[in-house]
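Per numbering that gives the first Met the number 0, the sequence shown runs over residues 0 to 370. Just so you know, even glycine gets a beta-carbon here, dropped at the ideal spot from N, CA and C. Right, one structure below, let's go through it.
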Amino acid sequence: MSFKSITLKHLVINNKRCIGLQFYTDKVLNALVERLPNVYFSEKFSMYYLPNNKISLGLIFKTFRGVAWVNGGYFFDKLSTGKQQEKVNSTCIERLRKHSICPPEYLKKLELKMYAENTIKTYMNCFETFLIAHKNKNPELLLESDVRSYLYELVKQSKSHSYVNQAINSIKFYYEVVLGMPNRFYDIERPRKKRQLPSVLSKEEVGLMIACTDNPKHKSILGLLYGSGLRRGELLRLKVENIDSTRMMIKISQGKGNKDRYTVLSKSVLKDLRRYYTIYKPKKLLFEGPTGKPYSAGSVLNIVHTAAKKAGIRRKVTPHTLRHSFATHLLENGTDIRYIQMLLGHNSTKTTEIYTHVARNAFNNIEDLLP
Numbered sequence: 000m001s002f003k004s005i006t007l008k009h010l011v012i013n014n015k016r017c018i019g020l021q022f023y024t025d026k027v028l029n030a031l032v033e034r035l036p037n038v039y040f041s042e043k044f045s046m047y048y049l050p051n052n053k054i055s056l057g058l059i060f061k062t063f064r065g066v067a068w069v070n071g072g073y074f075f076d077k078l079s080t081g082k083q084q085e086k087v088n089s090t091c092i093e094r095l096r097k098h099s100i101c102p103p104e105y106l107k108k109l110e111l112k113m114y115a116e117n118t119i120k121t122y123m124n125c126f127e128t129f130l131i132a133h134k135n136k137n138p139e140l141l142l143e144s145d146v147r148s149y150l151y152e153l154v155k156q157s158k159s160h161s162y163v164n165q166a167i168n169s170i171k172f173y174y175e176v177v178l179g180m181p182n183r184f185y186d187i188e189r190p191r192k193k194r195q196l197p198s199v200l201s202k203e204e205v206g207l208m209i210a211c212t213d214n215p216k217h218k219s220i221l222g223l224l225y226g227s228g229l230r231r232g233e234l235l236r237l238k239v240e241n242i243d244s245t246r247m248m249i250k251i252s253q254g255k256g257n258k259d260r261y262t263v264l265s266k267s268v269l270k271d272l273r274r275y276y277t278i279y280k281p282k283k284l285l286f287e288g289p290t291g292k293p294y295s296a297g298s299v300l301n302i303v304h305t306a307a308k309k310a311g312i313r314r315k316v317t318p319h320t321l322r323h324s325f326a327t328h329l330l331e332n333g334t335d336i337r338y339i340q341m342l343l344g345h346n347s348t349k350t351t352e353i354y355t356h357v358a359r360n361a362f363n364n365i366e367d368l369l370p
């Protein structure tokens, strides 16, 4: 006997919420479905559907019990089962709650999904802009054509690839997650992603930046960004106990994508860190401001800019440039790309492969055509 299953889907038909029944054609399942009260077939969605209410839901499970597995994974809202990330800034959330024109349930759902603070602010800002553009319309009644027109206007305004993608994500979040509607905007074309190679420094340039920096705190920050390949946000969330000097490793808690990972700790960076710790004696976070509050992202950026200027580097250098340089130099030294992927916290080696396009050893065997 073959395994039978039915997947429940959210549908909106004639402005009414319905339960869609998706399954492979089967005589037994077809017969049982057609016996359900108030059941209809949608040519548009190619599936049977019935009113979305508790009675219909109860009948579905009762009818197919022992006959087929009812898959509610796409129907019932699921919260993240991962670890709770760092607590979102409550002041920021309260400010958004008081002043945002987004529906209250939009912010509430973002909080329940444990999205990071920056993601929450981005989604709220993008969706607010969308609502302002349709201020005289009920967003629940907007059509796919309305969304397409809005996105086309963003493209005409020369908005970046990243912004248009964020706009799409914020809109989809409202309809699919907040309202529980079907994936109605799945076919909207996303802008083609620009393939930009990362900006990378030479080992000599990085060495000059660190050598030109006398402040032990600033030197430690530069060393960790380059020597451990940290993102700026990961650096600012580091706690004293995350530094494992015995194993020469650093634990990154709840990095991008809420993932924990380990990365390497350089001996020279450890030496700078010990000197820094003796002078500043941070309490909780490894890098704290003068009053014990978290160190700011802007301060880290200024440290990198100042060091680059002192080192005589004229092109733009950011904290992420040091992370790019870390990965590229490891690749040039012959480190396996899968190991680099693990250190950087990438989900796939495809993301890490971008560094193969800037690694110097990829061009070593190319003959110089000039005499």
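query	result
Could you check how far apart the C-beta atoms of ALA67 and SER4 are, in whole angstroms? I think they sit under 8 Å.	6 Å
Please report the residue range of the alpha helix (DSSP H) in which ILE220 lies.	215-226
DSSP has PRO50 in a bridge; who is on the other side?	CYS17
Take LEU300 and list the residues in its own chain whose beta-carbon comes closer than 8 Å to its own, dropping the five residues that flank it on each side.	ARG231, THR317 and PRO318
For a test of the three-state rule: what should DSSP assign to ASN135, helix, strand or coil?	coil
State the Cα-Cα distance for the pair PHE22 and MET46, rounded to the nearest angstrom.	8 Å
If you follow the alpha helix (DSSP H) that LEU153 is in, where does it begin and where does it stop?	143-155
Are the CB atoms of TYR279 and LYS349 within a distance shorter than 8 Å?	no
What residue range is occupied by the uninterrupted alpha helix (DSSP H) comprising THR305?	296-309
Across which residues does DSSP place SER267 in a beta bridge pair?	Bridge partners of SER267: none, in fact.
Where does GLU7 fall in DSSP's three states?	In the sequence as presented, Glu is not what sits at residue 7; that position holds Leu. Strand, per DSSP.
Does GLU175 come out as helix, strand or coil in the three-state DSSP assignment?	helix
Just to confirm the assignment, what range does the beta strand (DSSP E) spanning PHE40 have?	39-41
Any idea what DSSP makes of PRO281, helix, strand or coil?	coil
Out of ASN14, ILE59 and ILE54, which has the shortest C-alpha to C-alpha gap to ASN29?	ILE59
When you compare only the Cα positions, how much space is there between HIS9 and LYS61?	19 Å
Per the DSSP calculation, VAL69 is bridged to which residue(s)?	ILE5
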